[in-house]
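Trainee:
2 protein chains.
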Amino acid sequence: MATDRRMRGATKSSTLLERLKRRGWRLTAQRRVIAEAMGGAHVHLTADEVFARASDRLPEISRATVYNTLNELAKLGEITEVALGSGAKRYDPETVNRHQHLVCEGCGITRDVHPDGESRLALPVAERDRFTLNRVEIVFWGLCPKCVGAART
Amino acid sequence: MATDRRMRGATKSSTLLERLKRRGWRLTAQRRVIAEAMGGAHVHLTADEVFARASDRLPEISRATVYNTLNELAKLGEITEVALGSGAKRYDPETVNRHQHLVCEGCGITRDVHPDGESRLALPVAERDRFTLNRVEIVFWGLCPKCVGAART
DNA sequence: CTCCATGCAAAAGGTTTGCACTCCC
DNA sequence: GGGAGTGCAAACCTTTTGCATGGAG
């Protein structure tokens, strides 16, 4: 009953938890609640927020475990670290569908956006065969409608 | 004699220090060494590295002053904060010529790259008139030639 | 002369680590 | 049963802040 959400359109993907099981990841209560906390798409939690969510379900869990586990998941490539400037790192569980981030410099709200046909970004030719490209991180910085209004008080 | 370097091709720019003077920025010994430490293009120092360089020339300078000053320069738009994942923030003094960053996940080396004609990045149409875009941050992650070699030991 | 910038030191995050103990496979 | 995962607490690293002093304009 927690299985049938997220089974929509996208690349026949599965939940983070399922992918980890399939990988033979050693599964514990802590790891389960962490993976579940990272659950949805369009979520960009800090380690501390993951800890908070995980604590709801498993009060004995420790911060260290959360940090360790997030680092491990990032190393496995199952989540992505995104450094959105101010404060703590954030973790993005959407690794299946390529996307970019849109961040409001006013309120800090972060959204996923998906490239449309007009975008075409490439590593400059000069570098292309000297450097092995793994991924491209793109962040659009600006002001959301609310904050544009507030700015001109 | 510190004036005639950097007077080449680019947009008739000037040193960071000159721009700040022109702006009427209150100038002190500390601020001067910090601005000079941030000097060249293609440099991406952490606050602590700036502190180290500044200390060479002005041993009494304090870390707090470095942090305060870097924050102020960033607010003025004269340098840019770049969050390149691991560890401390880095500061980029190249604000005149648009460029992107190339980071090796092996050794952490960071280089500036300049977009060529093949790249064309736009905020998706869906967002274009809801969001006020200020700047786009692009980071290419991968492995430099040295680290590709080392990886396959 | 008047602010603003500075130094110092303490505190406030955020993250990692060492070690003994637990429990998944 | 063995080794990986966990909790706790302390350490570490980075950055910010309060307050008294000093120097630029």
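Here the protein sequences come in this chain order: U and X. According to the numbering used here, the stretch in the first sequence is residues 1 to 153, in order. According to the numbering used here, the stretch in the second sequence is residues 154 to 306, in order. Heads up, the beta-carbon is just placed ideally off N, CA and C, and yes, glycines get one too.
T285/X CB to nearest chain U CB: under 8 Å?
Mentor: Stepping through the second sequence from its first residue, residue 285/X is reached at position 132. Taking Cβ atoms only, chain U reaches closer than 8 Å to T285/X, which makes this a yes.
Trainee: Tell me, please, whether the CB atom of S119/U is closer than 8 Å to any CB atom in chain X?
Mentor: In the first sequence, counting from the first residue as 1, residue 119/U sits at position 119. It does: the Cβ of S119/U has a partner Cβ on chain X nearer than 8 Å.
Trainee: Ignore the nearest five residues each way along the sequence and tell me which others in R63/U's own chain have a CB closer than 6 Å to its CB.
Mentor: Locating residue 63/U in the first sequence gives position 63, where the first residue counts as 1. The answer, listed in chain order, is F51.
Trainee: Grab me the residues of I79/U's own chain with a C-beta within less than 8 Å of its C-beta, minus the 5 sequence neighbours each way, in chain order.
Mentor: In the first sequence, counting from the first residue as 1, residue 79/U sits at position 79. Answer for I79/U: L16, M38, L70, L73, Y91, D92, P93 and T95, listed in chain order.
Trainee: For E202/X, which option in K242/X, A303/X, L276/X and G295/X has the closest C-alpha, if you only look at C-alpha atoms?
Mentor: What you label residue 202/X is simply residue 49 of the second sequence in a count that begins at 1. Per the Cα distances, K242/X.
Trainee: In chain U, which residues lie with their C-beta within 7 Å of the C-beta of R288/X?
Mentor: Locating residue 288/X in the second sequence gives position 135, counting from the first residue. Correct list: W141.
Trainee: On the CB-based measure, 16 or more other CB atoms within 10 Å of its CB, does E290/X come out buried or exposed?
Mentor: The residue given as residue 290/X occupies position 137 in the second sequence. Answer is buried; the Cβ neighbour count reaches 16.
Trainee: Note the first and the last residue of the continuous beta strand (DSSP E) segment covering I291/X.
Mentor: Locating residue 291/X in the second sequence gives position 138, counting from the first residue. From DSSP, the beta strand (DSSP E) with I291/X extends over T285 to L296.
Trainee: At the level of alpha carbons, what is the spacing between E18/U and E36/U?
Mentor: Position 18 of the first sequence, counted from the start, is the residue given in the question as residue 18/U. Position 36 of the first sequence, counted from the start, is the residue given in the question as residue 36/U. In a straight line, the C-alpha of E18/U is about 10 Å away from that of E36/U.
Trainee: Which residues of chain U have a Cβ atom closer than 7 Å to the Cβ of D269/X, listed in chain order?
Mentor: Here residue 269/X is taken as the residue at index 116 of the second sequence, counted from 1. Residues of chain U passing the Cβ test: P124 and V125.
Trainee: Using a Cβ-Cβ distance under 8 Å, would L223/X count as near chain U?
Mentor: To locate residue 223/X, count along the second sequence from 1; it is residue 70. Under the Cβ criterion of 8 Å, L223/X is not counted among the residues facing chain U.
Trainee: What number of angstroms, rounded off, separates the C-alpha of P277/X from the C-alpha of R120/U?
Mentor: Position 124 of the second sequence holds residue 277/X. Position 120 of the first sequence holds residue 120/U. In a straight line, the C-alpha of P277/X is about 12 Å away from that of R120/U.
Trainee: On a CA-only basis, which of A200/X, K299/X, A279/X and G270/X is nearest G261/X? Give me that one, please.
Mentor: Walking along the second sequence from the start, residue 261/X turns up at place 108. For the residues A200/X, K299/X, A279/X and G270/X, the minimum Cα distance to G261/X belongs to K299/X.
Trainee: Do L286/X and F140/U have their C-beta atoms within less than 8 Å of each other?
Mentor: The residue you call residue 286/X lines up with position 133 of the second sequence. The residue you call residue 140/U lines up with position 140 of the first sequence. In this structure, F140/U lies closer than 8 Å to L286/X by Cβ.
Trainee: Using a beta-carbon distance below 8 Å, is P93/U in contact with chain X?
Mentor: One-based indexing of the first sequence puts residue 93/U at position 93. For P93/U, the answer is no, since every Cβ of chain X falls outside 8 Å of its Cβ.
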